[in-house]
Every structure is written in structure tokens, then in C-alpha cells.
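Top line first, the protein sequences correspond to chains A and B.
Sequential numbering of the first sequence, starting at 1, is according to full-length UniProt numbering.
Sequential numbering of the second sequence, starting at 1, is according to full-length UniProt numbering.
All C-beta atoms in this analysis are idealised placements derived from N, C-alpha and C, irrespective of residue type, glycine included.
These numbers come from a predicted model, not from an experiment.
In what follows, a structure is listed as C-alpha cells, so that the remarks can point back to it.
There are 2 protein chains.
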Amino acid sequence: MKGISIKDIAKQAGVSPTTVSFVLNGKAKEKRISDQVSKKIQKIAARLKYKPNQLARGLRTGKTKTIGLIVEDIANNFFASLAKVVEDEADKYGYKVLYGSTEDNTEKAKGLLEVLKYRQVDGYIITPTKNLDKEIELLETAAKPIVLMDRYFPHVNSHYVVLDNFKGAYDATSHLVKQGYKKIAIVTIASDQTQMKDRLDGYIAALKDHQVPFSKTLVKRLPFELDREKFNNEIKKFLTSVKGLDAVFFATNYLGIYGIESIRSLGWQIGKEIGLVGFDDHDLFRLHSPSITCVSQPIGEIGKKIVEVLMKELNQPSDVPQQIVLPPELIIRESSKLA
Amino acid sequence: MKGISIKDIAKQAGVSPTTVSFVLNGKAKEKRISDQVSKKIQKIAARLKYKPNQLARGLRTGKTKTIGLIVEDIANNFFASLAKVVEDEADKYGYKVLYGSTEDNTEKAKGLLEVLKYRQVDGYIITPTKNLDKEIELLETAAKPIVLMDRYFPHVNSHYVVLDNFKGAYDATSHLVKQGYKKIAIVTIASDQTQMKDRLDGYIAALKDHQVPFSKTLVKRLPFELDREKFNNEIKKFLTSVKGLDAVFFATNYLGIYGIESIRSLGWQIGKEIGLVGFDDHDLFRLHSPSITCVSQPIGEIGKKIVEVLMKELNQPSDVPQQIVLPPELIIRESSKLA
DNA sequence: ACGCTGGGCTAAATCGATATAGCATTTTTT
DNA sequence: AAAAAATGCTATATCGATTTAGCCCAGCGT
Chain A
1 MKGISIKDIA KQAGVSPTTV SFVLNGKAKE KRISDQVSKK IQKIAARLKY KPNQLARGLR
61 TGKTKTIGLI VEDIANNFFA SLAKVVEDEA DKYGYKVLYG STEDNTEKAK GLLEVLKYRQ
121 VDGYIITPTK NLDKEIELLE TAAKPIVLMD RYFPHVNSHY VVLDNFKGAY DATSHLVKQG
181 YKKIAIVTIA SDQTQMKDRL DGYIAALKDH QVPFSKTLVK RLPFELDREK FNNEIKKFLT
241 SVKGLDAVFF ATNYLGIYGI ESIRSLGWQI GKEIGLVGFD DHDLFRLHSP SITCVSQPIG
301 EIGKKIVEVL MKELNQPSDV PQQIVLPPEL IIRESSKLA
Chain B
1 MKGISIKDIA KQAGVSPTTV SFVLNGKAKE KRISDQVSKK IQKIAARLKY KPNQLARGLR
61 TGKTKTIGLI VEDIANNFFA SLAKVVEDEA DKYGYKVLYG STEDNTEKAK GLLEVLKYRQ
121 VDGYIITPTK NLDKEIELLE TAAKPIVLMD RYFPHVNSHY VVLDNFKGAY DATSHLVKQG
181 YKKIAIVTIA SDQTQMKDRL DGYIAALKDH QVPFSKTLVK RLPFELDREK FNNEIKKFLT
241 SVKGLDAVFF ATNYLGIYGI ESIRSLGWQI GKEIGLVGFD DHDLFRLHSP SITCVSQPIG
301 EIGKKIVEVL MKELNQPSDV PQQIVLPPEL IIRESSKLA
């Protein structure tokens with residue numbers, strides 16, 4: 001069951017494979033192939049349902065029409081939804097997607113990059129782990145475009161599409177303050193990457209701007225690798241340790257979920273006894289009782305922008321990095337209604 | 001920035017590319033290459049970090065070490081989680097995954113198959129849409145292994161890995177009966193595919209076995225393509241139309257979610273006024289108040305089996321189809337506690 | 001000394017598409 | 001009418017790895 005090759009068409013049309021190639025690549029005019037021959041070839045190609053062998057083409061041209069998508073965790077709702085958008089958008093340009101999850105593990109990320117590299121993807125969409133900056137810079141010298149997402153390296157001059165995480169956290173915290181909460185904590189991931197740093201900074205800035213006293217004891221930073229039980233235990237331990245605490249901002253979607261679980265197992269009333277804001281929207285946040293206020297990312301727009309940036313670079317690489325920061329939306333629900 | 005090729009190694013070792021190829025493919029013995037030369041080549045290859053160009057290899061051998069994964073919707077928690085398992089498992093065998101979502105649309109599915117075919121994937125993992133049986137059979141003649149998942153075609157003799165959907169629905173329904181619910185409805189997707197048919201059959205069989213009267217008015221079948229609002233409206237309309245209704249079984253994860261939303265907007269008390277069982281576990285089901293009883297699929301095991309079956313076929317195709325049916329687990333929570 | 005066997009390796013073809021260089025004609029220019 | 005230019009197409013090399021056929025040499029038997 002071999003496919004139709006350019007040779008088959010050439011034979012049927014009584015011309016050389018070269019001519020067929022020219023015609024099918026739209027170079028008929030440029031290469032001065034007559035309209036007659038050109039049309040004949042088109043017709044035969046259509047009739048035989050010719051599809052170029054991407055391997056052969058890729059081998060010769062170095063282009064595989066494939067992009068690599070590296071996310072933190074494809075099972076996480078945010079990344080899965082984004083992956084779908086990316087897939088759909090890429091498809092519009094004729095690109096397919098190879099994906100992988102890093103689990104926020106740099107070694108795994110390096111492994112993925114390695115594989116994608118020798119699979120010759122044309123470009124990369126990467127949710128970087130920390131310390132991946134070296135690899136990224138190295139990769140950039142290979143002239144394959146890279147678009148970072150969700151986070152980036154401030155000292156690396158790369159393309160990226162991210163959320164305005166500072167604003168997201170700032171708005172969330174300001175909202176809690178305005179609602180009347182007095183002592184607002186943040187539970188975040190122990191990471192110095194931009195997305196986490198910005199969220200923490202936004203939280204702190206909002207407190208400052210509203211003259212709410214800030215203290216380091218209000219910040220809990222947890223390692224990414226914990227399992228559910230450990231997350232819950234740590235969160236409970238922290239929440240009960242802060243005296244007078246009346247609101248908490250969870251800086252990632254899964255922390256929010258663990259947070260809800262923890263608070264409930266403590267028997268506290270979400271909203272009244274303790275205000276709560278999560279990150280990224282989720283069916284759980286929408287349908288929980290009480291429903292959960294959250295900072296929502298415009299997933300569709302993010303995905304579109306990512307692919308748009310990548311395609312632009314693929315077609316006409318520029319020296320100026322495209323750095324796009326999209327605004328979050330604060331979705332206000334019951335969990336941040338004091339009384 | 002070109003990669004290291006077999007020629008570079010050959011040059012450094014002072015042998016021909018052929019020899020290098022033999023050695024690196026483990027055919028040293030068979031092809032009678034001396035241990036000396038063999039070791040030398042190995043060493044050089046390791047030092048240069050040689051990685052074979054998959055395009056060139058694929059072009060020559062017809063094997064791309066890539067598998068195609070077609071799911072219904074990668075943004076759906078169940079499929080996303082499964083995709084991750086599949087990716088991890090496939091990686092162990094050195095395979096990468098190209099994926100796509102059908103949205104349960106046969107035309108989209110055909111398009112995906114087309115693309116994957118001319119991308120020369122070595123094998124397929126497919127969540128088929130209805131009427132895709134023709135394409136699947138056609139594809140099978142191409143000697144590329146195919147494993148169906150989640151659902152299958154009874155009249156097509158293919159490999160598959162699915163859940164025992166009948167048992168899942170049977171157990172869920174029996175559980176509701178034993179809890180004392182008297183009038184139990186089912187909300188499902190209007191689809192004649194096996195997974196949906198089996199769930200409906202399991203529901204009906206359980207009612208019969210427990211001598212609970214069944215009537216067609218207890219069954220609501222909704223089209224897949226509705227949006228959230230329409231789903232909610234339809235569900236509400238249905239639930240209020242059944243007199244004496246006191247429990248409902250939602251046959252897919254998203255229907256369960258819409259179900260919760262609908263019931264709440266009707267102001268009914270889940271558990272007491274209306275028993276509820278969902279399908280597939282979800283953070284929402286676990287953390288909802290009251291928590292939601294559901295039929296849970298063993299995602300890890302399913303993913304592992306799928307890849308295992310596919311790899312077996314890839315290495316030594318057999319005539320007997322491997323058809324695997326895994327047991328569901330009923331997770332009992334508060335939504336099915338009467339009083 | 002001649003043929004035969006087996007060990008150790010390599011030349012060349014191949015997969016399918018593309019890019020480069022260039023070969024006949026015909027047409028235009030001067 | 002000779003030179004130059006344009007037209008319309010093709011032969012061949014190439015991407016990198018694999019595979020087939022087979023070369024050369026040493027050692028063995030007779």
C-alpha cells in the first residue's frame with residue numbers, strides 16, 4: 001500500500017518529476033511551465049489524490065510542518081484547553097503538533113527538547129521549567145523559532161505570550177481588600193519563574209497600595225512536586241498558623257482546588273469566615289457552593305496569539321522579539337463575598 | 001546547525017557509513033563486524049551524541065516511530081488524562097504522539113486520519129466517531145495497526161480497549177435502587193455507539209433485575225453538539241417533565257456537570273430530593289457539596305493497555321484481535337444518599 | 001597450486017521530493 | 001543573418017539512513 005508519488009504523476013502526464021514538483025509547488029509561472037502542462041498535472045494530481053510524502057519533503061527541505069508543544073502538564077485543564085486551541089490554530093496553517101509534558105522537571109524538559117529536535121520540528125512552543133534558559137538560548141541559535149508561553153526568562157530576549165500575572169494577582173487582592181477582608185494570605189508555588197513571581201508581586205503591591213500591612217508570614221510557597229495529601233496538609237498547617245487570617249489567594253488552579261479541599265476539611269465557611277480567590281477558571285470554581293472567585297486567563301486568545309507569533313517567525317523571522325502580555329479577567333463569585 | 005550524521009561517524013572511525021549503520025542498529029554480529037570496529041563506532045557515536053535523523057530513516061524504512069492519537073476532545077478531562085498516560089507509555093518504547101480532536105464529528109475524524117496517514121504514523125489509537133467504521137476497515141488493510149478506545153464497532157474485528165460500560169451503568173443504577181430511589185432517569189448522549197448503548201443497556205438491565213418499572217419517558221438522549229446553555233435547558237425541561245422523579249444517572253462526565261448545574265438552578269436538593277450519579281471522576285464531583293457519586297474509569301490502566309496492545313501489534317502483528325474490557329469502579333459519595 | 005569457505009567490510013541503490021544547472025528550441029534584437 | 005534572449009522543460013545531485021549485493025583476503029582441504 002504505497003502512496004502516489006510524484007513519479008506516478010510524471011509518468012501519467014508524460015513529463016519529468018521536476019516539472020511536476022514545480023507545478024505542485026506553485027512555481028509554474030516562475031519556472032515557465034506552460035499552462036497546458038500545468039493544468040494537466042494539476043488534474044492528474046487531483047485525480048490520484050496525491051499527497052506529498054512529508055518525510056521526503058522534510059528530508060530535503062528541512063521543514064517538517066510540525067511544531068513541538070511543551071506544556072507543564074497536559075492533564076491540567078488549563079494546558080489541555082490551550083493545547084486544543086493551539087492544535088486547531090496550527091492546523092489552519094497546515095501544521096501538526098507533537099506534544100509533551102514536563103511535570104515542571106527540567107530534566108524531562110531537556111529530554112523533550114532533545115526528541116523534538118531530532119524529530120526536526122520547525123518551531124517550538126514551550127512552557128519553560130526553571131534553568132531551561134540555557135537550552136532555550138542554544139536552541140535559538142539553531143534558527144528554529146521558539147515561543148515561550150505562560151512564563152519567560154527576563155534576561156533572555158525571546159518571543160513569548162503570557163498573561164499579565166501581576167495584574168491578575170493585583171486585581172484579585174485588591175478585590176479582597178475592597179470586600180473588607182483584613183488579613184489576606186497567598187498560597188503559591190515555590191518557584192522563581194516569572195508567572196509565580198509576578199503573581200506574588202502583584203499580591204504584595206495591591207496590599208501596599210491599599211495600606212494593608214504585609215508580612216512574610218502571609219506567604220506560603222509550596223514545592224510543585226507534592227501529592228494531593230501533602231498539599232492539603234501543608235495548606236491546612238499554614239492556614240491555621242496565621243492568626244486573624246480571613247482571606248487567601250491561591251496562585252494556581254490546582255492550588256485553588258487543594259485549597260478548597262483543605263478549608264472545607266477544616267470546617268471553615270468559605271466566603272464568610274475566609275475569603276478565597278483562585279487562579280484560572282474551572283467547572284469546580286463555577287459550580288462549587290459557594291462558587292469561587294478567580295482570575296481567568298483568556299485561553300482562546302492566548303492560543304491564537306501563540307500560533308500567530310510562531311507562524312510569523314516561521315515565515316519571516318525578525319530580530320525584534322514579539323512579546324505579548326494579555327490581560328486577565330477577574331470573575332467575581334461568592335467565595336469573596338464577606339457576609 | 002546540522003546534526004551529526006552517520007557519515008561524520010564513518011569518517012572519524014575510518015569506516016564506511018554502511019558499517020556504522022550496521023553497528024548502531026545492533027546488527028554487528030549478524031553482519032560480522034569485528035568487536036574492535038564495533039566498539040570504536042559505538043564510542044564515537046556516543047561522544048558525538050549521534051541521533052539518527054528520523055526523517056531519513058522513516059523515508060527508507062517506512063517507520064516513523066510516531067503514533068497518531070485521535071480523541072473526542074483533548075480539552076475534556078478524561079481524554080486529556082488519558083493522553084498523558086499514552087504519551088508517557090509510548091515514550092517508553094521510543095514513540096512520539098501526534099494528536100487530534102474529532103469533536104465527535106466524522107468529517108473532522110476523516111480529516112485527521114488523512115493527515116496522520118500521509119504523515120506516515122506507524123499506528124493509530126482512535127476514539128471513533130459514528131460511521132468511521134468504513135475508514136477504519138480501509139486503514140486496516142494498509143497494515144498499520146489500529147487500536148480503538150472508549151468505543152468500538154461490534155461488526156468490525158479490530159483491536160480495542162474499552163471500559164465495561166454496561167457494568168458501570170448497571171452498578172450505578174443498582175446502587176441508586178438499593179439506596180431507595182424509586183424513579184430513576186438517565187440522561188445520555190443521542191448516539192448509537194457502543195459506549196453509550198452499553199450504558200443505556202446497563203441502566204435498563206439494572207432496573208429490570210430489581211423489578212423497578214422502566215419506561216421510555218425516563219430516558220433523555222441529547223445531541224452532542226449542544227452548547228452549555230442548551231444542555232442546561234434541555235436537562236431542566238426533561239427533569240421537570242418526569243413526574244415523581246427522584247434520581248438521575250448522567251452517562252458522561254460533561255452531562256454530569258451540566259446536570260449538577262441544571263438541578264441546582266431548579267433549586268432541588270441533590271441527594272435528598274434527587275439522587276445523582278455521574279460518569280468519570282472529576283475534581284468537581286469530589287468537592288461538590290454534596291459530593292457526587294460516579295462511575296470511575298481506570299485511566300492509568302486503560303492508557304497502559306492501549307499502548308501495550310498497539311506495541312504488540314507493531315512488533316508482531318497477529319490475526320486475533322486483542323479486545324480488552326476493563327472494569328469500572330463505582331465511587332459512592334453523598335449525591336446518592338437518600339435522607 | 002587450486003578451489004572453496006567464511007570473515008570483515010564496502011559500493012551503490014533506494015526511499016520521495018526539491019534545487020541547481022543547463023539543454024534544446026524558438027523568438028527577438030540589431 | 002548572426003547574436004542574444006526568452007521559452008519550456010529535464011537530468012542529476014541531494015537530504016540521511018538502510019539494504020542488497022558483492023569484493024577482497026586468509027585459511028583450509030586435497
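At a Cβ-Cβ threshold of 9 Å, B:Ile189 and B:Thr173 do not count as neighbours. Cα atoms of A:Val85 and A:Lys305: separation of roughly 10 Å, rounded to the nearest angstrom.
Excluding sequence positions up to five before and after A:Leu266, its CB lies within less than 8 Å of the CB of Lys236, Leu239, Thr240, all in the same chain and listed in chain order. Judged by DSSP secondary structure, B:Ala185 falls outside any alpha helix (DSSP H) and instead within the beta strand (DSSP E) spanning 184-189.
The segment 268-284 of chain A and the segment 43-59 of chain A do not touch, with fewer than 3 CB-CB distances between them shorter than 8 Å. Rounded to whole angstroms, the separation of the alpha carbons of A:Thr129 and A:Asn105 is 6 Å.
For B:Tyr124, the enclosing beta strand (DSSP E) starts and ends at 123-126. Among the residues of the UniProt domain "HTH lacI-type" (4-61) of chain B, those with a Cβ less than 8 Å away from any Cβ of chain A are Lys51, Pro52, Asn53, Gln54, Leu55, Ala56, Gly58, Leu59, in the order of the chain.
In the DSSP secondary-structure assignment, B:Phe250 is bridged to B:Val187. For A:Gly111, the uninterrupted alpha helix (DSSP H) segment begins and ends at 106-118. Secondary structure of A:Ile263 (DSSP, three-state): helix. The beta-carbon of A:Val115 is placed less than 9 Å from the nearest beta-carbon of chain B.
No residue range can be given for A:Phe224, since it is assigned to no beta strand (DSSP E) and is classified by DSSP as neither H nor E. Within chain B, no C-beta atom comes nearer than 8 Å to that of A:Thr252; the closest sits roughly 13 Å away.
The beta carbon of A:Glu329 does not come within 9 Å of any beta carbon belonging to chain B, so the residue lies off that interface. Residue burial is scored here from C-beta neighbours: A:Ala46 has fewer than 16 other C-beta atoms within 10 angstroms and is therefore classed as exposed. Within chain A, no C-beta atom comes nearer than 7 Å to that of B:Ile70; the closest sits roughly 12 Å away. In the three-state DSSP reduction, B:Gly68 falls in the strand class (E or B). At a C-beta separation below 7 Å, A:Leu207 has no neighbours in chain B, since its nearest C-beta there lies roughly 29 Å away.
B:Gly271 is positioned such that its CB atom lies closer than 9 Å to that of B:Lys337. Under the 9 Å criterion on CB atoms, A:Glu234 is classed as non-interfacial with respect to chain B. B:Lys49 has its alpha-carbon roughly 19 Å from the corresponding atom of B:Ser16.
For A:Gln120, the nearest CB of chain B lies under 9 Å from its own CB, placing it at the interface with that chain. Under a criterion of Cβ atoms nearer than 9 Å, no residue of chain B is adjacent to A:Glu107; the nearest Cβ is some 14 Å distant. At a cut-off of 9 Å between C-beta atoms, B:Gly100 counts as an interface residue with respect to chain A. A Cβ-Cβ separation of about 17 Å leaves B:Thr127 out of contact with B:Glu89 under the 8 Å criterion. The three-state secondary structure of B:Phe153, taken from DSSP, is coil. Residue state for A:Val219 is assigned as strand, using DSSP reduced to three classes. In the structure shown, the three-state DSSP call for B:Gly100 is strand. Across the set B:Lys216, B:His282, B:Tyr254, the C-alpha of B:Tyr254 shows the shortest separation from the C-alpha of B:Glu229. In this model, A:Ala205 and A:Asp198 are separated by some 10 Å (Cα to Cα). Cβ contact annotation for A:Asp201 (same chain, cutoff 7 Å, sequence separation greater than five): Phe166, in chain order. Exposed is the label assigned to A:Ala142, since fewer than 16 other Cβ atoms lie within 10 Å of its Cβ. Listed along chain B is no residue with a C-beta nearer than 9 Å to that of A:Thr217; the closest approach is about 28 Å.
Put simply, the backbone Cα of A:Thr64 is about 11 Å away from that of A:Leu98. Between A:Ser291 and B:Glu261, the alpha-carbon positions lie close to 12 Å from each other.
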